[in-house]
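*Asks:* Can you keep this structure in mind? I'll have questions shortly.
Protein chains: 2
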Amino acid sequence: MSPSRSSRAEAAAIDGAAPVFAALGDQTRLRLVARLGREGPLSVARLTEGADVTRQAVSKHLRVLEVAGLARGVRQGREQVWQLQPAPLEDARRSLERIAERWDETLARLRAFVEEE
Amino acid sequence: MSPSRSSRAEAAAIDGAAPVFAALGDQTRLRLVARLGREGPLSVARLTEGADVTRQAVSKHLRVLEVAGLARGVRQGREQVWQLQPAPLEDARRSLERIAERWDETLARLRAFVEEE
DNA sequence: ATCATACGCAACCTCCTGGTTGCATATTAC
DNA sequence: GTAATATGCAACCAGGAGGTTGCGTATGAT
């Protein structure tokens with residue numbers, strides 16, 4: 033296994049994170065995610081209350097979240113109930129952690145380099 | 033100060049996070065961020081090597097990152113050197129943490145509710 | 001049986017995004 | 001001074017994203 037810097041696996045993880053961030057990168061959608069986070073599984077209708085767009089728009093956004101793996105919807109009677117899928121959220125969070133951590137290392141290296149002059 | 037659930041401040045934090053996620057939600061851009069994280073400040077030219085798009089495209093992406101507050105570029109002679117701006121990255125990470133945490137609470141509540149039946 | 005509710009599908013529209021190419025400009029190298 | 005390098009600016013283009021409206025359909029309530 034190659035050393036810590038820039039492994040294939042890490043590059044793949046980063047590429048995989050992009051769609052998740054893209055899914056989170058819309059205000060309406062991020063609000064949906066936040067609401068699902070604190071109010072638990074919710075139907076499309078209930079999610080539409082409080083969102084300032086049409087039910088159709090909400091449905092579309094939920095579909096996008098589903099494709100990104102961030103949420104899942106199941107039919108219950110005549111309503112479809114959506115819930116968060118925490119795994120990809122965690123992965124995304126870890127990606128950010130890695131990048132920030134690397135940046136700290138980089139800054140330390142640069143400082144050391146400058147001080148050698 | 034209001035209690036922990038859904039404060040104005042938190043809502044604002046979430047809304048503010050969306051543009052950051054949007055900026056990270058593009059593969060080319062996320063790769064740039066990752067590279068800046070591990071290789072430190074880099075010029076546009078050096079960032080273009082290794083990116084599979086034009087220098088112009090890279091420049092545009094850097095501009096987007098700048099608007100989102102994620103990176104900053106300074107002129108040094110004839111080249112412009114870009115570096116990461118870790119604060120918004122941290123904020124975004126914290127937003128995800130909050131959502132995940134809330135989700136855990138929600139699940140716990142639901143489990144308790146179901147068991148009461 | 002009828003009515004209301006909750007939803008999906010499809011068409012459509014507008015605007016933004018990611019990308020390119022061409023040209024102009026400032027800086028460094030020779 | 002001249003050539004090469006590093007970048008910015010502007011125009012342009014194709015496609016996708018977010019949104020709406022209209023309609024159809026399944027489920028639940030009365």
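Those protein sequence lines, which keep their order, are chains L and X.
Per this note's numbering, residue 33 is the first one in the first sequence, and the count goes up by one each step.
Per this note's numbering, residue 33 is the first one in the second sequence, and the count goes up by one each step.
By construction, the Cβ of each residue, glycine as well, lies at the ideal position given by its N, Cα and C atoms.
As the structure is a prediction and not an experimental result, all values here were calculated from the model.
1) If you measure from the beta carbon of TRP135 (chain X) to each beta carbon in chain L, is any gap under 8 Å?
2) Does the segment 118-128 of chain L come close enough to the segment 87-98 of chain X that 3 or more CB-CB pairs lie under 8 Å?
3) Compare the beta carbon distance of TRP20 (chain X) and LEU68 (chain X) with 8 Å and say whether it is the shorter of the two.
4) Check each candidate in L:GLY72, L:GLU122, L:ALA44, L:ALA43 and name the one with the smallest Cα separation from GLY101 (chain L).
5) Flag VAL65 (chain X) as yes if its beta-carbon sits less than 8 Å from any beta-carbon of chain L, otherwise no.
6) Along the chain, where does the alpha helix (DSSP H) containing GLY48 (chain L) start, and where does it finish?
7) Under the three-state reduction of DSSP, which class applies to PRO35 (chain X): helix, strand or coil?
8) State yes or no: is the beta carbon of MET33 (chain X) nearer than 8 Å to at least one beta carbon in chain L?
9) Identify whether ARG110 (chain X) lies in helix, strand or coil by the three-state DSSP scheme.
10) Against chain L, does PRO118 (chain X) count as a neighbour if the rule is that its beta carbon must be under 8 Å from one of theirs?
11) Can you confirm whether THR138 (chain L), when its beta carbon is compared against all beta carbons of chain X, has any partner nearer than 8 Å?
12) Step through the CB atoms of chain L and report whether any lies within less than 8 Å of the CB of GLU122 (chain X).
13) Measuring straight from C-alpha to C-alpha, what distance separates ARG107 (chain X) and ARG63 (chain L)?
14) Counting only C-beta atoms, is ALA44 (chain L) closer than 8 Å to chain X at any point?
15) Measure the alpha-carbon distance for GLU81 (chain L) versus THR138 (chain X) and round it to whole angstroms.
16) I'd like to know if ALA103 (chain L) contacts chain X, where contact means its C-beta is closer than 8 Å to some C-beta of that chain.
17) Give me, in chain order, the residues of the same chain whose beta-carbon lies closer than 8 Å to that of ARG61 (chain L); leave out the 5 immediate sequence neighbours on both sides.
18) Classify ALA83 (chain X) as helix, strand or coil using the three-state DSSP reduction.
19) Hey, does ALA54 (chain L) have any beta-carbon neighbour from chain X nearer than 8 Å?
20) Name the chain X residues that come within less than 8 Å of ARG125 (chain L), Cβ to Cβ?
*Replies:* A quick look at the data gives this:
1) Reading the second sequence from its first residue, position 103 is the one you call residue 135 (chain X). Judged by the 8 Å Cβ criterion, TRP135 (chain X) is in contact with chain L.
2) no
3) The requested residue 20 (chain X) is not part of the displayed model; chain X covers only 33 to 149.
4) What you label residue 101 (chain L) is simply residue 69 of the first sequence in a count that begins at 1. Minimum Cα distance to GLY101 (chain L) is reached at L:GLU122.
5) Stepping through the second sequence from its first residue, residue 65 (chain X) is reached at position 33. Chain L, which has a Cβ nearer than 8 Å to the Cβ of VAL65 (chain X), makes this yes.
6) Along the first sequence, read from residue 1 onward, the residue named residue 48 (chain L) stands at position 16. That run of the alpha helix (DSSP H) goes 40-56.
7) Against the second sequence, residue 35 (chain X) aligns to sequence position 3. A caution first: PRO35 (chain X) carries a pLDDT of 49, below 50, which makes its placement in the model too unreliable to give a value.
8) Locating residue 33 (chain X) in the second sequence gives position 1, counting from the first residue. Bear in mind that the predicted position of MET33 (chain X) carries a pLDDT of just 49, short of 50, making it unreliable; the figure below should be weighed with that in mind. Chain L, which has no Cβ nearer than 8 Å to the Cβ of MET33 (chain X), makes this no.
9) Residue mapping note: residue 110 (chain X) aligns to position 78 of the second sequence, counting from 1. DSSP places ARG110 (chain X) in coil when its eight states are reduced to three.
10) The count along the second sequence starts at 1 and reaches residue 118 (chain X) at position 86. Yes - at least one Cβ of chain L is within 8 Å of the one on PRO118 (chain X).
11) Looking up residue 138 (chain L) in the first sequence gives position 106. Yes, THR138 (chain L) lies at the interface with chain X (some Cβ there is under 8 Å from its Cβ).
12) Within the second sequence, the letter at position 90 stands for residue 122 (chain X). GLU122 (chain X) counts as touching chain L.
13) The residue labelled residue 107 (chain X) in the question sits at position 75 within the second sequence. The residue labelled residue 63 (chain L) in the question sits at position 31 within the first sequence. Whole-angstrom Cα-Cα distance: 38 Å.
14) Locating residue 44 (chain L) in the first sequence gives position 12, where the first residue counts as 1. It does not; no Cβ of chain X falls within 8 Å.
15) Reading the first sequence from its first residue, position 49 is the one you call residue 81 (chain L). Reading the second sequence from its first residue, position 106 is the one you call residue 138 (chain X). Rounded to whole angstroms, GLU81 (chain L) to THR138 (chain X) spans 20 Å at the Cα level.
16) Residue numbering aside, residue 103 (chain L) sits at position 71 when the first sequence is read from its first letter. Not one chain X Cβ lies under 8 Å of ALA103 (chain L).
17) Numbered from 1 along the first sequence, position 29 holds the residue referred to as residue 61 (chain L). The answer, listed in chain order, is ALA55, HIS93, VAL96, LEU97.
18) Here residue 83 (chain X) is taken as the residue at index 51 of the second sequence, counted from 1. DSSP places ALA83 (chain X) in coil when its eight states are reduced to three.
19) Taking the first sequence and counting its residues from 1, the one referred to as residue 54 (chain L) is at position 22. Yes, ALA54 (chain L) counts as interfacial toward chain X.
20) As a first step, residue 125 (chain L) is located in the first sequence; it is residue number 93 there, counting from the start. What ARG125 (chain L) touches in chain X: ARG125, LEU128, GLU129, ALA132.
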